[in-house]
Amino acid sequence: MPFKEHNRQYDLVVFGATGYTGRLAAEYITANFPVNLKWAIAGRSESKLQAIVDDCKKLNSDRNPPAIETAEVDSYDEMSALAKKTFVMITTVGPYSAHGEYAVKACAEAGTHYFDVTGETPWVYRMIKKYEKTAKESGAILIPQMGLESAPADLCTWSLAQTLRKQLDAKTRDVIISIYNLRAAPSGGTVSTVLTIFDHFTLSELAESGRPFALSPIPHPGEPKRHNASIWQKIFGVHYVPNLGTVTTAFTSSADQGLVERSWGLLSEIPSRKDEFYGPNFHWAECYSPRNWLYGVIVHWVIVIGIFLVATGKPVRTLFRNIVPAPGTGPSKDEMEKEEVEWRGIANPDTEVPSDRQAFCRAWYYGSMYSSSDDRIFTVTAMLCSEAARTVLEDDLELDGGFYTPCCLGQSIVDRAHSGGFKMETRIQHK
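The number in the working numbering is simply the position in the sequence shown, starting from 1, with 760 added.
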């Protein structure tokens, strides 16, 4: 499919290409995108960027290598100049709460389509409040959280809801997504983000952005509540969900929840997507499937106690920074080869008469797309943000400017992600 016509120097710029995820995104694009792509990689160090270009040449000698653009993430003038050169920008430079705003502002003002891989809900909430009006005026499509947080959860939810709509002719009442299997180490940037976010937002700001449906463009018509946990569940985390099994607290739930709830609101407003709206009584929850109940209790306590310590103690954050992986680092290729991640989910229909059927979803991504024949390894995050950019480059999405979510890219991103290794299957089953 041909790229859209535009008057920019580049179709695509990957900003932060010398970092862990940015480098993998550049390699994925080199290996998988059409050879007529006009693109560049960008960052602070020209010499480090040149090393990435050299690696890309080795990976695919049949295509033109990316150009090099240097820009400082904390310089608005430099980010603005870069945004004006490209039709689409992917930025992987985090923590976004510390370094991400100028890229958002520059793209919103220039009408440049934008993707990032943040999981920082308070920052996304702030960016929407500050720049949504600007993006609507310029026509820029901005989609944050287009990586492990929170695209898989969002796409699984969308697919479940569409399965109910098409096969049962029903809206969606509630969805539960479970991280069923996770064998992967976080990158240094992911760890750094967790430690940094409490330096940039007050507890009241965190609470404001964490309210139910806070990111949604419309209010929930009913009581905007979330899952009502029992006393046992609040203390120990572990509980049982039919067809998902024993589950516990998920470390990604706060990031994924806000984004999915924004999708709910957006689908009710986008003229071309209103048929896909989940329904007025929609509620959502996420959990993690532990090996056993004891491990589930430990996971819950680690998350709860860890967040409390990091949130309330700056010395604790300083201590962790000295012992965790540095930003820009991540698992080795041998470690990535063994990575596995799988999601499972259920969705119940919203019907007047209780139904004995529900939708079930399974999605998976194994081995970080490892191939021993050509040594290509890509994380799910690098693949997803790259394929999202390709969707905007090639497809007529019928979206005006503004802040959107991964599922607003529709079936196109699901199909492209499938081709990239993120497999998904849905079905109707009995409860």
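Cβ coordinates follow ideal geometry from the N, Cα and C atoms, glycine included.
Between the beta-carbon of A1015 and that of G803 there is about 25 angstroms, and that puts the pair past the 8 angstroms contact cut. The three-state secondary structure of M906, taken from DSSP, is coil. Excluding residues up to 5 positions away in sequence, P912, A913, C916, I937, S938, I939, Y940, C1121, R1122, A1123, W1124 lie with their Cβ nearer than 8 angstroms to the Cβ of W1103 in the same chain. Partner residues in the beta bridge of K1183, as assigned by DSSP, are W1124.
Excluding residues up to 5 positions away in sequence, R1176, A1177, G1180 lie with their Cβ nearer than 6 angstroms to the Cβ of E1147 in the same chain.
Looking at the DSSP output, M849 sits in a beta bridge with V773, Y874.
Leaving aside the five residues that flank A1045 on each side, the residues in its chain whose CB is nearer than 6 angstroms to its CB run, in chain order, I936, H987.
In this structure the segment 899 to 910 does not lie against the segment 994 to 1011, because fewer than three pairs of beta carbons, one per stretch, are closer than 8 angstroms. Contact between E861 and T894 does not hold, since the beta-carbon distance rounds to 12 angstroms and is not under 8 angstroms. Counting C-beta pairs with one atom in each stretch, the segment 835 to 852 and the segment 961 to 980 have fewer than three that are closer than 8 angstroms, which means they do not touch. Between S919 and T1141, the C-beta spacing is not below 8 angstroms. The beta-carbon separation of G1039 and D1116, rounded to 19 angstroms, does not stay under the 8 angstroms limit for a contact.
Each residue's CA atom was taken as its position, placing T846 and L1144 some 20 angstroms apart. Sequence-distant Cβ neighbours of T1078 in its own chain, meaning closer than 7 angstroms and more than five residues away, do not exist here.
Every alpha helix (DSSP H) of 4 residues or more that sits fully in the segment 951 to 982 is shown, in chain order, as 963 to 969.
The beta-carbon separation of K896 and D1160, rounded to 6 angstroms, stays under the 8 angstroms limit for a contact. Here F1182 is buried: its Cβ has 16 or more other Cβ atoms, across all protein chains shown, within 10 Å.
Around the C-beta of T1151, 16 or more other C-beta atoms lie within 10 Å, and the residue is accordingly described as buried. If you look at V998, you'll find it isn't in any beta strand (DSSP E); DSSP assigns it neither H nor E. V1174 sits in a helix when the DSSP states are folded into three classes. In this chain, C816 is not harboured by any beta strand (DSSP E); it is covered by the alpha helix (DSSP H) spanning 806 to 819. Measuring C-alpha to C-alpha distances from Y780 to each of E1029, K808, A791 identifies K808 as the nearest.
Cβ atoms of H859 and D834 come within 8 angstroms of each other, at about 6 angstroms. Assigned with DSSP and collapsed to three states, Y1048 falls in strand. With a 10 Å radius around the Cβ and a threshold of 16 neighbouring Cβ atoms, T1072 comes out exposed. Our two residues, V998 and A1010, have alpha carbons roughly 11 angstroms apart in a direct line. Assignment of F1037 by DSSP, reduced to helix, strand and coil, places it in the coil class. Non-local beta-carbon contacts of C816 in its own chain, meaning distances under 7 angstroms to residues more than five positions away in sequence, involve A786, E787, T790, P825, P826 in chain order.
Relative to the Cα of V1001, the nearest Cα in the group L928, T778, Y770, K1191 belongs to K1191.
Counting only residues of its own chain and dropping the five nearest sequence neighbours on each side, F1068 has no CB closer than 7 angstroms to any other CB. For Q810, the closest of V864, T830, L772 by C-alpha to C-alpha distance is T830.
Scanning its chain for C-beta atoms nearer than 6 angstroms, with the 5 sequence neighbours on each side dropped, one finds around Y1126 the residues E1100, in chain order.
Taken through DSSP and simplified to helix, strand or coil, T830 comes out as strand. With respect to the C-alpha of I995, the residue from W1061, L975, W1053 having the closest C-alpha is W1061. Residues of the same chain with a CB within less than 6 angstroms of the CB of L797, apart from the 5 flanking positions on each side, are D771 in chain order. Rounded to whole angstroms, the Cβ separation of C1167 and S1023 is 5 angstroms, and the two are in contact under 8 angstroms.
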